[in-house]
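20 is the number of the first residue of the sequence shown in this note's numbering; add one for each residue after it. Just so it is clear, CB atoms sit at the ideal spot from N, CA and C, and this is done for glycine as well. Everything below concerns the one structure shown next.
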Amino acid sequence: MAFKAVLFDMDGVIVDTEPLHKQAYFLMFKKVEIVVSQELYNSYTGQSTIDICKDLVKKFNLTLEAKELVAYKRAFFKELFFSDTNDLQLLDGVLDLIKNYYNNGITLVLASSASMVTINNVFNKFDLNQYFKGKISGADLKASKPHPEIFIKAAEIAGFKREECIVIEDSTNGIKAAYDAGIYCVAYKSEHSKAQDYTLAQKVISDYREIRFEVMEKHF
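Quick look at the structure:
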């Protein structure tokens, strides 16, 4: 069976906004006066902001509501994203890969835990909308990664069976979501993906040339 669609994660796969997210989270932690360890922070990678904030409220017995933490974090992130010192770039080789799939008739869908506002900011900044059939935000779903819902819905948006799709992910939670959705998963292991578990991925790469259309069509 041929592969017909690629479902892309965004953070750590298309663009590395992780340093901005981390700064925004730690500014929020400081504002609400909690001390979050690096280990706990790493465990949240790939989850939606609301789910992370709900967990923080519970863990730290906060009187604030999760949505208030979300608002603080997003305000800090927006400030950082649009600051003059922000030198955000696409990850090496990803634009070539997107164009390679697109030019070979592969349907592309973005499936990210980021908010749709952040997704749209990134896509507008780098002019990516022209290549993608659709975009879905885990922030708009009942459950975020590692729940498989986001990739099940992304495959539906693509219009193909799950076994005709590939997921490109970089986080433990995202890889598990793809695995539980029954979709072939490529784990992108880069210097941006710290302390993540790739064992459930069918293929682990560190260079996007390893999964160009010409290579991947032989796997299906």
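C-beta atoms of residue i and residue j nearer than 9 Å
i, j, result
"V25", "I171", "no"
"D30", "G112", "no"
"T240", "A133", "Here the chain has residues from 20 to 239 only, and residue 240 is not among them."
"A130", "I185", "no"
"I202", "A162", "no"
"I125", "I33", "no"
"K208", "I224", "yes"
"K144", "L107", "yes"
Three-state secondary structure assigned by DSSP to residue i
i, result
"K78", "helix"
"A130", "strand"
"D30", "strand"
"K49", "helix"
"A43", "helix"
"K237", "helix"
"T137", "helix"
"D6", "Since the first residue shown for the chain is 20 and the last is 239, residue 6 is missing from the structure and cannot be characterised."
"R228", "helix"
"D159", "helix"
Residue(s) in a DSSP beta bridge with residue i
i, result
"K154", "L129"
"V223", "A206"
"V25", "L127, I185"
Nearest-angstrom Cβ-Cβ length linking residue i and residue j, presumed shorter than 8 Å
i, j, result
"F22", "E183", "6 Å"
"M222", "V205", "One detail in the question is off: residue 222 reads as Lys in this sequence, not Met. That pair is a contact at about 5 Å."
"G153", "V136", "G153 to V136, Cβ: 17 Å. No contact."
"L99", "A43", "6 Å"
9 Å Cβ cutoff, residue i in contact with chain B
i, result
"G201", "Of the chains in the structure shown, none is chain B; there is only one protein chain."
Q. At what residue ranges does the segment 162-216 contain a whole run of the beta strand (DSSP E), taking only runs of 3 or more?
A. Within the segment 162-216, the runs of beta strand (DSSP E) that reach at least 3 residues and sit entirely inside it are, in chain order, 184-188, 203-207.
**Q.** Sequence ranges, alpha helix (DSSP H) only - wholly within the segment 51-128, length at least 4
**A.** The segment 51-128 contains these whole alpha helix (DSSP H) runs: 57-62, 68-78, 85-100, 113-122.
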